[in-house]
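Working notes, structure below.
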Amino acid sequence: QSLEDCPLDEDEDAFPALGEEDEDIDQFNDDTFGAGAVDDDWQEAHERLAELEDKAGSSREPDGPVGNDGDVLGDPEDALAERLTRLVIDSELEDPAIMQAVHTRDPPQPGGLNSSIWDSSAVLRRIRGPLLAQEMPSVSVLDYVLPQRPPQARDEERDPSERALPRRSSSPIIGSPPVRAIPIGTPPKQAAIPNFNQQILCPKPVHIRATMQQRYPAPYGERMSPNQLCNVPNSSLLGHPFPHSVSPVLTHLQRAQLLGGAQVKLLPAGRMSPSQFARVSGLVGSPLPSVNPKLLQGRVGQMMSPAGGFRAFFGAPPAPPPSQLPHPPGPGSHLQNLRPQPQMFRPDTTHLHPQHRRLLHQRQQQNRNQHRSLNGSGGDRGGHRSSHQEQIRKDPYANLMLQREKDWVSKIQMMQLQSTDPYLDDYYYQNYFQKLEKLAAAEEVHGDGPKKERTKLITPQVAKLEHTYKPVQFEGSLGKLTVSSVNNPRKMIDAVVTSRSEDDETKEKQVRDKRRQTLVTIEKTYSLLLDVEDYERRYLLSLEGERPALMGERKQKICDMYDNLRGKAAGQDRPSDDHFMQIMCIRKGKRLVARILPFLAPEQAADVLMATARNLPFLIKKDAQDEVLPCLLRPFSHVLYHLPLGTVTSLVQQLTNLPQSAAAPTNLHLTAVLQNKFGLSLLYLVLSRGEELQSSDTNTELMQDNQWTELMLMATRELLRIPQGALAKPVSIPSNLISLFSRYVDQQKLNLLETKLHLVQGIR
Amino acid sequence: EKHLVLLRDGRTLIGYLRSIDQFANLVLHQTVERIHVGKKYGDIPRGIFVVRGENVVLLGEIDLEKESDTPLQQVSIEEILEEQRVEQQAKQESEKLKVQALKERGLSVPRADTLDEY
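So, in structure tokens, the structure goes:
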């Protein structure tokens, strides 16, 4: 169904006919909002009316929405009645008395137009209440009602209804509820024409059952929701052959009438009559999903669908309505919607200005089916007989949107969320909810489970469809046409890449280029990293046979990453850390390294560590602003865990730059390290690891041991020398440092060291 | 069902949401424009609003119970408009100073609205 369907088109068509754009629309103006609002062929209506007295069962073919120009007729109620009678098959009427009443009924005064709208609405609505309450009225109601109403109801109804709808040659018009210009629910404003409306209700209801779709009980108060109005005509006008089971419907209406009181006034025909009909049908019907969504067709305020649907109906032979209307598929082509549910009767409102139409529909919609009202702000008063009278809306505008429309909008939005690979498209959201779920599971509060789930928006994952691109082919053309599209782009510009000669570049440019290259390398490596990190998930999702391949890919990528990091030096054994240093100078590069480290093989990781340690002062200097180095601590410590003593020793060597040549008075390297948070923490970590190894491992080689001892002696000496104030505050102090130092220094110095380095817990 | 809508130009509208569509075009009923300045706020009744979807930043439902307990203090419309004017003025002046300072340094930061807020 095309969503951007007819409504617009029909709007455009309709516009010329409608001129007014009043700011202050007289909402009581029947011509615009009442029965007169629906455009009808007044001439025809006039004719019909003229024949009202003469013909009882003549079949007419109204070409447009049923509805007569009220003014022309001079008797809106009459026209309405006309339509009503059309809706009814004589043979279907159970009560001959009713029919008779319709025939002989006098047309109500035209003067009561405005009020009558409301009146009937009130009645309709009131009637609706009980009707809604039960799907199937009991036959008894009919009996109950009939005796009281028959004379009048029949009277009014018969004639107008006969005129209102064409007799279907194929089958009798069944089930079209009488169209009420005034929704039944409207409290009667005048006592005039008391019985007219009721009559309308009577016969038609028989068929209402089938036309469940419009369920908008009359608007309360003064407003007739356009939707309702639209609904009304549709249902009634398009006489659909309804199964006989509809007869109970009559009961509904009758009952409704009964309950609603006698003050329902037939709405002046004109344009509104269709809506009235619809409304009545709504009353009768069980609260079925309103067809109104079709009206609205997802366009707020655009009521063109009813009109369209209406037209469609006129042409098409009525299809037997399902006994229980399935919820309409949602707005879409109104035509499409209407086809499957031919019971939709709507006045032709296409010509109306959207605002105008909207107000119309607004009124129609005022009484929404109970079960459909979501917004709930008192918008729905269905089903309470006694409360109909007091349905002074707490919120007359509630439920302007049908549930269907709301579903439609949310359907659209959900469709946008469909993806073939949620992880790719919506990574953060998926992860976020995974974490939430883990938390929820961890809490083990099963009672809360459902609650939490409820708030989760599940983004559906659809299967990925492979589309093989086939170039567009036209039949009858010679050869292949060149059509450029997304899949087959055409070259538009000749972009030539000119590489510069080395001479031209200035030093700044070189530096800049180098930096750019580093950035590019970082980005590439990042992509590799993300891929590698993702492998675990893919592994789980993949089939058995694919797994080795995945693993292989992963390994390859890891190697590539490492190469990127260190800079591929063909043939050489990585003599320079230059490349690596470049990367490390950039904040993102540091984070990248931190993330890569877990994936690297121990030797490679150690290599990285060494390089870092070797150049630490430089890095520290560069990191002064970013202060990102500490992020490396954690992965470094992990790496350290796996390092043998020898490596650790060399690490310490690197870090401290010991032994020094005697010429250098101060160990700048060490100083820098010690003065930096990261450096100091790293040093501690390394020392701690060494200590661990020393104390735990009894098989250490002697040489390594000696190396370590020497180193430690020197280190401690240096540490002692450094003034306390110069020391940075490390991230953490391993606990075994004391034991470490105790090996190499005497007690006094140990104490010194302790205080200096805050090794003793509690001092810090 | 009262909803609060924040628009791209910074306005806050509160009203009953009557209908929406797939572009997030909104129809608000009995809308009130709420201006916040500091701790005070003022409401201007506006009636019916139809908002084009692209201008909506966020939309949320107002919990009617929570609406009443707010530390904000409501003032009259004139007062809040006055406060807003003062605030705008102060902002403009500081903005001017900033631009001036940047100009002296040879930099120019384009103002947000000229960038179409992207």
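For the protein sequence lines, the chains are U and L, in the order given. For the first sequence, our numbering assigns the number -19 to the initial residue and increments by one for each residue that follows. For the second sequence, our numbering assigns the number 3 to the initial residue and increments by one for each residue that follows. Glycine is no exception: its CB is placed at the ideal position from the N, C-alpha and C atoms.
The DSSP-derived three-state label of Lys4 of chain L is strand. Interface with chain L (8 angstroms Cβ-Cβ cutoff): Gln398 of chain U is excluded. Residue environment: Asn731 of chain U is assigned as exposed (fewer than 16 neighbouring CB atoms within 10 Å of its CB, all protein chains considered). Using a Cβ-Cβ cut-off of 7 angstroms, His31 of chain L is close to Tyr377 of chain U, given in chain order.
Per DSSP, the unbroken beta strand (DSSP E) holding Asp45 of chain L starts and ends at Lys42 to Val53.
Going by DSSP, Arg20 of chain L is part of the beta strand (DSSP E) stretching over Thr14 to Ile22. Within the DSSP bridge table, the entry for Ile37 of chain L names L:Gly44 as partners. For Glu385 of chain U, the enclosing alpha helix (DSSP H) stretches over residues Gln383 to Leu397.
Contact between Gly659 of chain U and Leu596 of chain U is confirmed by a C-beta separation of about 6 angstroms, below the 8 angstroms threshold.
The beta-bridge partner set that DSSP reports for Glu63 of chain L consists of L:His5. At a cut-off of 8 angstroms between C-beta atoms, Ser70 of chain L does not count as an interface residue with respect to chain U.
Here Leu623 of chain U carries a coil assignment [DSSP, helix/strand/coil].
In the three-state scheme derived from DSSP, where H, G and I count as helix and E and B as strand, Val77 of chain L is classed as coil. Between the stretch 11 to 22 of chain L and the stretch 30 to 38 of chain L there are three or more inter-stretch CB-CB distances shorter than 8 angstroms, so the stretches are counted as touching. By the 16-neighbour rule on beta-carbons within 10 angstroms, Arg107 of chain L is exposed.
Beta-bridge partners of Leu663 of chain U (DSSP): none assigned.
Against chain L, the CB of Gln393 of chain U has a partner CB under 8 angstroms away; the residue lies at that interface.
Following the DSSP letters along the chain, one finds Leu599 of chain U inside the alpha helix (DSSP H) bounded by residues Leu596 to Lys602. The beta-carbon distance between His5 of chain L and Gly62 of chain L, rounded to whole angstroms, is 7 angstroms. This is short enough to meet the 8 angstroms contact definition. A residue is called buried once 16 or more other Cβ atoms fall within 10 Å of its Cβ, and Asn544 of chain U is buried on that count.
The Cβ of Tyr43 of chain L sits no closer than 8 angstroms to any Cβ of chain U. About 6 angstroms separates the CB atoms of Leu530 of chain U and Arg518 of chain U; that is less than 8 angstroms, so the two are in contact. The stretch 49 to 59 of chain L makes no contact with the stretch 89 to 100 of chain L, as fewer than three CB pairs between them are under 8 angstroms. Distance from Leu662 of chain U to Phe616 of chain U at the Cβ level is roughly 6 angstroms; contact confirmed, criterion being Cβ atoms closer than 8 angstroms. Under the DSSP definition of a beta bridge, Val466 of chain U lacks any partner.
Looking from the CA of Leu620 of chain U, the closest CA among U:Asp603, U:Ile600 and U:Asp587 belongs to U:Asp587. Residues Ile563, Ile566, Lys568, Gly569 and Leu572 of the same chain have their beta carbon placed closer than 7 angstroms to that of Ile502 of chain U, with the five preceding and five following residues left out of the count.
When DSSP states are grouped into helix, strand and coil, Leu523 of chain U belongs to the coil group.
With a 10 Å radius around the Cβ and a threshold of 16 neighbouring Cβ atoms, Asp71 of chain L comes out exposed. For the pair Phe560 of chain U and Arg546 of chain U, the CB atoms are nearer than the 8 angstroms cut-off. Per DSSP, the unbroken alpha helix (DSSP H) holding Glu417 of chain U starts and ends at Tyr407 to Glu423.
Counting only residues of its own chain and dropping the five nearest sequence neighbours on each side, Ser78 of chain L has a CB closer than 7 angstroms to the CB of Gly44.
DSSP links Val58 of chain L through a beta bridge to L:Leu9. For Ser21 of chain L, at least one C-beta of chain U is nearer than 8 angstroms to its own C-beta.
Against Val389 of chain U, the close residues of chain L are Ile22, Asp23 and Gln24, in the order they occur along the chain (beta-carbon pairs closer than 8 angstroms).
At least one beta carbon of chain L lies nearer than 8 angstroms to the beta carbon of Leu380 of chain U.
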